[in-house]
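Just so you know, the protein sequences line up as chains A and B, in that order.
Residues in the first sequence are numbered consecutively from 24, following my numbering.
Residues in the second sequence are numbered consecutively from 2, following my numbering.
The structure under discussion appears below in the form of structure tokens.
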Amino acid sequence: MKRFLAFLTKMDRRWLFLFLTIVILIPIIKPSNMEMKSISSPVKKAYDFIDTLPENSFVLLSLDFDPGTRPELYPQALALCKHLMKKNLRVALTTFNAGAPGIMTEFKDSILQTFPEKKYGKDIVMFPYRAVFLATVTQLATDVYAQYPDDADGAPLNKMPIMKGIKNYKDMALAIEISGTTLFTSWIYYVGDKYHLPVLGGTTAITQLSYSPYVQTGQLKGLLGGMRGAAEYEAMLHDNYQLETGDATKSLNVLNWPHMLVFLIAVLSNIAIFFGKFMPHKED
Amino acid sequence: MPHSLLVLGAWVTGFLTLGIFSFLYKDNPLFKITENLYVGVGMGYYVSLYFFQVWTPLVWEPLKEGNYIVIIPSIMGLLLLSQLVPKLSWLSRYTLTFTIGYSCGLAIPMTINTDLLTQILGTAKPFANIANVGGMDIFNMIFILVAVLCVLTYFFFSVESKGAVKKVSNVGIYVLMAYFGAAFGNTVMARFSLLYGRFDTLTKYSHAEYLYSTPIILTLFVIFFIVKHFMDKKKAAIAAEAEANGEI
Chain A
24 MKRFLAFLTK MDRRWLFLFL TIVILIPIIK PSNMEMKSIS SPVKKAYDFI
74 DTLPENSFVL LSLDFDPGTR PELYPQALAL CKHLMKKNLR VALTTFNAGA
124 PGIMTEFKDS ILQTFPEKKY GKDIVMFPYR AVFLATVTQL ATDVYAQYPD
174 DADGAPLNKM PIMKGIKNYK DMALAIEISG TTLFTSWIYY VGDKYHLPVL
224 GGTTAITQLS YSPYVQTGQL KGLLGGMRGA AEYEAMLHDN YQLETGDATK
274 SLNVLNWPHM LVFLIAVLSN IAIFFGKFMP HKED
Chain B
2 MPHSLLVLGA WVTGFLTLGI FSFLYKDNPL FKITENLYVG VGMGYYVSLY
52 FFQVWTPLVW EPLKEGNYIV IIPSIMGLLL LSQLVPKLSW LSRYTLTFTI
102 GYSCGLAIPM TINTDLLTQI LGTAKPFANI ANVGGMDIFN MIFILVAVLC
152 VLTYFFFSVE SKGAVKKVSN VGIYVLMAYF GAAFGNTVMA RFSLLYGRFD
202 TLTKYSHAEY LYSTPIILTL FVIFFIVKHF MDKKKAAIAA EAEANGEI
């Protein structure tokens, strides 16, 4: 017992890395099929808000993430955008993250591939990357075209059917922010609270807790947190629109195992440290 | 995209990912290569992005169309570079003053409104609706209110922490502990999501379609580490021998 406890406290952490790799790889190779049983309230709120938007409403979807947080945030953005497409809403993609333009193009292609009946310029459009968030979102409150005269490919925006009747925030129904950075708070500050455009969003599991109070106060209309938030949203789309579940659901089936491993390690380590205090030492 | 490019991408991705992961075993030249590549490619990417997506459409194009007003913000931006010349660095203060003034003017009232007033209202407002909600909701309202007051007491340094104040602030500590625990749990979840993303990609690139890039690169890495281990051992033995002979 004493040797086992000593082994636990002094174990080379590289063995843990190896063990963790195996625990993640096995379910990737041999996937299990667990269903999402419960939907959290912030995710349900986000879904309900989008579901009640009138057809043809204009939605800003800001993809402010780079490859570093892509595994968590891309499935969220995809699930939300699929819902927007199913509801026949107009979607303008935008970004203030320098690492995102490539992801945004891939995202747009993926959506148009999933919904072949949707057309670029009519149902979805890409605004170009802008480096300065504050100046851009402040100007969008008065004139969208002053900040975005052209789309990301250089085509004039005011000639596109998707932009018909859109001049500023007053003509928009919703802004969705997908980010793991402080830009998320900025959207609440400057777009939601200042210009009263409803804001909802998706963020990484790490920052999810920081933004939860905004959901309680209604400053955020809904919140997707981490891979779980995306999986919950996919489950609702599957139940209500018969859309296939995506990467988030698949990943959650894998992530259950390393989570259990970490839980086990935390418990064992605490036991080892706790009982280690009462074990007689060699010098004693 | 041609298939050959996808295959090349798979091999590059496999090499770079495993190169970075190799640091988990120990520091090594493969990690150094990938680390330096990351820094260099990242810098090149940002320079080209800012040139083509910021400077060209927001400065160059308007200038060509005769919109000379963009010269003013451009000069203000260039003034920031004066910090590189100590004698002229005072010029950058004009730009900084403008930026700080503009940002503070927007941020201070919004912070007070969004993070303070609305949050205070959000903590108190649900009680106005207490007659129409269930038992669990009432418990949540009271719990949130008590937790907020206890944490605020913990951070209230104008009164000595003893007696009733200490007991209340101790409850505040437990609330904070619960928050940190939840934050740690979420952090673990987030990190594993990122790890899963990489592993999923590596697994995808293990197939014949990508010419088995992951297993081949992994095998080459393992061979490299075995060879390096024996070479290091040999070097250490030679050095020890030289030291014993008094050559060092």
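Just so it is clear, CB atoms sit at the ideal spot from N, CA and C, and this is done for glycine as well.
Problem - Opposing strand residues paired with phenylalanine 72 of chain A [DSSP bridges] - result: Looking up residue 72 of chain A in the first sequence gives position 49. Note: phenylalanine 72 of chain A sits in no beta bridge, so no partner.
Problem - Rounded C-alpha distance that separates leucine 9 of chain B from proline 216 of chain B - result: The residue given as residue 9 of chain B occupies position 8 in the second sequence. The residue given as residue 216 of chain B occupies position 215 in the second sequence. The C-alpha of leucine 9 of chain B lies about 15 Å from the C-alpha of proline 216 of chain B.
Exercise for the section: Could you spell out where the alpha helix (DSSP H) holding methionine 111 of chain B opens and where it closes? Expected result: Taking the first residue of the second sequence as 1, we reach residue 111 of chain B at position 110. Where methionine 111 of chain B is concerned, the enclosing alpha helix (DSSP H) stretches over 93 to 112.
Handout entry: Any C-beta of chain B under 8 Å from that of methionine 250 of chain A
Key = Along the first sequence, read from residue 1 onward, the residue named residue 250 of chain A stands at position 227. Yes, because at least one Cβ of chain B sits closer than 8 Å to the Cβ of methionine 250 of chain A.
Problem - Per-residue DSSP class, three states only, for glycine 202 of chain A - result: By 1-based counting over the first sequence, the position of residue 202 of chain A is 179. Checking the sequence shown, residue 202 of chain A turns out to be serine, not glycine. Strand.
Practice task
Could you list the residues in the segment 32 to 51 of chain A with a C-beta less than 7 Å from some C-beta on chain B, going in chain order?
Solution key: Within the segment 32 to 51 of chain A, the residues whose Cβ lies closer than 7 Å to any Cβ of chain B are, in chain order, Arg37, Phe40, Ile47, Leu48 and Ile51.
Exercise for the section: Name the two residues that bound the continuous alpha helix (DSSP H) containing aspartate 262 of chain A. Expected result: Here residue 262 of chain A corresponds to residue number 239 of the first sequence, with the count starting at 1. Its alpha helix (DSSP H) spans residues 249 to 264.
Problem - Span separating the alpha-carbon of serine 83 of chain B from that of tyrosine 95 of chain B - result: For this step, residue 83 of chain B is matched to residue 82 along the second sequence. For this step, residue 95 of chain B is matched to residue 94 along the second sequence. Here the alpha carbon of serine 83 of chain B sits roughly 11 Å from the alpha carbon of tyrosine 95 of chain B.
Handout entry: Secondary structure of isoleucine 147 of chain A, DSSP reduced to three states
Key = Indexing the first sequence from 1 puts residue 147 of chain A at position 124. Reduced to three states, the DSSP call for isoleucine 147 of chain A is strand.
Practice task
Throw me the rounded Cβ distance for the valine 189 of chain B and glycine 173 of chain B pair, which I believe falls under 8 Å.
Solution key: Start at 1 with the first residue of the second sequence, and residue 189 of chain B comes out as number 188. Start at 1 with the first residue of the second sequence, and residue 173 of chain B comes out as number 172. The pair is not a contact, with the Cβ atoms about 25 Å apart (cut-off 8 Å).
Problem - Helix, strand or coil at aspartate 14 of chain A according to DSSP, with G and I counted as helix - result: No information on residue 14 of chain A is available, as it lies outside the stretch 24 to 307 that chain A covers here.
Practice task
Determine the chain A residues that contact threonine 119 of chain B at a beta-carbon separation under 8 Å, and present them in chain order.
Solution key: Counted from its first residue, the second sequence places residue 119 of chain B at position 118. Here the neighbours are Asp216, Thr240 and Gln242.
Problem - Candidates A:Ile296, A:Arg26 and A:Asp146: closest to serine 80 of chain A by CA position - result: On the first sequence, position 57 is the one that residue 80 of chain A refers to. Selected option, being the one with the closest Cα: A:Asp146.
Exercise for the section: Work out the CA separation of phenylalanine 181 of chain B and leucine 146 of chain B for me, nearest whole Å. Expected result: As a working mapping, residue 146 of chain B is identified with position 145 in the second sequence. As a working mapping, residue 181 of chain B is identified with position 180 in the second sequence. Pairing leucine 146 of chain B with phenylalanine 181 of chain B, the inter-Cα distance amounts to about 19 Å.
Problem - Short CB-CB distance (under 8 Å) between alanine 154 of chain B and chain A - result: In the second sequence, counting from the first residue as 1, residue 154 of chain B sits at position 153. Looking at the sequence itself, residue 154 of chain B is threonine, so the reference to alanine does not match. With respect to chain A, the C-beta atom of threonine 154 of chain B has no partner C-beta closer than 8 Å.
Handout entry: Nearest residue (CA-CA) to valine 160 of chain A, options A:Asp173, A:Ile134 and A:Tyr192
Key = The residue you call residue 160 of chain A lines up with position 137 of the first sequence. Valine 160 of chain A has its Cα closest to that of A:Tyr192, out of A:Asp173, A:Ile134 and A:Tyr192.
Exercise for the section: Mark arginine 153 of chain A as exposed unless 16 or more other C-beta atoms lie within 10 angstroms of its C-beta, in which case mark it buried. Expected result: Within the first sequence, numbered from 1, the residue matching residue 153 of chain A stands at position 130. Arginine 153 of chain A comes out buried.
Exercise for the section: For leucine 107 of chain A, I'd like the list of residues in its chain whose CB is within less than 6 Å of its CB, leaving aside the five on either flank, ordered along the chain. Expected result: In the first sequence, counting from the first residue as 1, residue 107 of chain A sits at position 84. Within the same chain, leucine 107 of chain A has close Cβ partners Val82 and Val114.
Exercise for the section: Report yes or no: do three or more beta-carbon pairs, one from the segment 210 to 228 of chain A and one from the segment 93 to 113 of chain A, lie closer than 8 Å? Expected result: Counting C-beta pairs with one atom in each stretch, the segment 210 to 228 of chain A and the segment 93 to 113 of chain A have three or more that are closer than 8 Å, which means they touch.
Practice task
Find the nearest neighbour of phenylalanine 138 of chain A within the set A:Leu157, A:Leu197, A:Ala158 and A:Leu112, judged by alpha-carbon distance.
Solution key: On the first sequence, residue 138 of chain A is found 115 positions in, with the first residue counted as 1. Considering only alpha carbons, the answer is A:Leu112.
Handout entry: DSSP-derived helix/strand/coil call for proline 63 of chain B
Key = Counted from its first residue, the second sequence places residue 63 of chain B at position 62. Assigned with DSSP and collapsed to three states, proline 63 of chain B falls in helix.
Exercise for the section: Would you check whether the ligand GTP has a heavy atom nearer than 7 Å to the C-beta of lysine 187 of chain A? Expected result: Among the components modelled here there is no ligand, and therefore nothing to report on the ligand GTP.
Problem - Contact list for the segment 172 to 191 of chain B against chain A, Cβ threshold 9 Å - result: Under the 9 Å Cβ criterion, the segment 172 to 191 of chain B contributes Tyr180, Ala183, Ala184, Gly186, Asn187, Thr188, Val189, Met190 and Ala191.
Handout entry: valine 155 of chain A in three-state terms, based on DSSP
Key = Taking the first residue of the first sequence as position 1, residue 155 of chain A is located at position 132. Assigned with DSSP and collapsed to three states, valine 155 of chain A falls in coil, not helix or strand.
Problem - Helix, strand or coil at alanine 115 of chain A [DSSP, three-state] - result: By 1-based counting over the first sequence, the position of residue 115 of chain A is 92. Residue state for alanine 115 of chain A is assigned as strand, using DSSP reduced to three classes.
Practice task
Kindly indicate the opening and closing residues of the alpha helix (DSSP H) around valine 48 of chain B.
Solution key: Looking up residue 48 of chain B in the second sequence gives position 47. For valine 48 of chain B, the enclosing alpha helix (DSSP H) covers residues 30 to 51.
Handout entry: Contact with chain A by glycine 136 of chain B, beta-carbon distance below 8 Å
Key = As a position in the second sequence, residue 136 of chain B is number 135, starting the count at 1. Output row for glycine 136 of chain B: interface = no.
Exercise for the section: Return yes when the Cβ of valine 167 of chain A is within less than 8 Å of the Cβ of lysine 182 of chain A, no when it is not. Expected result: If you number the first sequence from 1, residue 182 of chain A lands on position 159. If you number the first sequence from 1, residue 167 of chain A lands on position 144. With respect to the 8 Å criterion, lysine 182 of chain A and valine 167 of chain A are not classified as neighbours on the basis of their beta carbons.
Handout entry: Continuous beta strand (DSSP E) stretch holding threonine 226 of chain A: start and end
Key = Position 203 of the first sequence, counted from the start, is the residue given in the question as residue 226 of chain A. Segment 222 to 226, the beta strand (DSSP E) holding threonine 226 of chain A.
Handout entry: Spatial neighbours of tyrosine 234 of chain A in its chain, beta-carbon cut-off 7 Å, leaving aside the 5 residues before and after
Key = For this step, residue 234 of chain A is matched to residue 211 along the first sequence. Here the set comprises Phe207, Thr226, Leu243 and Leu246.
Practice task
State yes or no: is the C-beta of isoleucine 52 of chain A within less than 8 Å of the C-beta of threonine 220 of chain B?
Solution key: Your numbering for residue 52 of chain A matches position 29 in the first sequence. Your numbering for residue 220 of chain B matches position 219 in the second sequence. In this structure, threonine 220 of chain B does not lie closer than 8 Å to isoleucine 52 of chain A by Cβ.
Exercise for the section: Check the Cβ of threonine 227 of chain A against every Cβ in chain D and list those closer than 7 Å, keeping chain order. Expected result: This model lacks chain D altogether, as its protein chains are A and B.
Exercise for the section: Grab the span of the alpha helix (DSSP H) containing glycine 182 of chain B for me, first residue to last. Expected result: Taking the first residue of the second sequence as 1, we reach residue 182 of chain B at position 181. Counting along the chain, the unbroken alpha helix (DSSP H) around glycine 182 of chain B starts and ends at 165 to 205.
Problem - Under 8 Å between C-beta atoms of glycine 203 of chain A and leucine 291 of chain A - result: Residue mapping note: residue 203 of chain A aligns to position 180 of the first sequence, counting from 1. Residue mapping note: residue 291 of chain A aligns to position 268 of the first sequence, counting from 1. Between glycine 203 of chain A and leucine 291 of chain A, the CB-CB gap reaches or exceeds 8 Å.
Problem - Separation of proline 281 of chain A from glycine 249 of chain A, as counted between CA atoms - result: As a working note, residue 249 of chain A is residue 226 in the first sequence. As a working note, residue 281 of chain A is residue 258 in the first sequence. Answer to the nearest angstrom: the Cα atoms are 16 Å apart.
Practice task
Determine the chain B residues that contact glutamine 152 of chain A at a beta-carbon separation under 9 Å, and present them in chain order.
Solution key: Taking the first sequence and counting its residues from 1, one reaches residue 152 of chain A at position 129. With the sequence shown as reference, residue 152 of chain A is identified as tyrosine, and glutamine is not the correct amino acid for it. Those are Leu50, Gln54 and Val55, listed as they occur along chain B.
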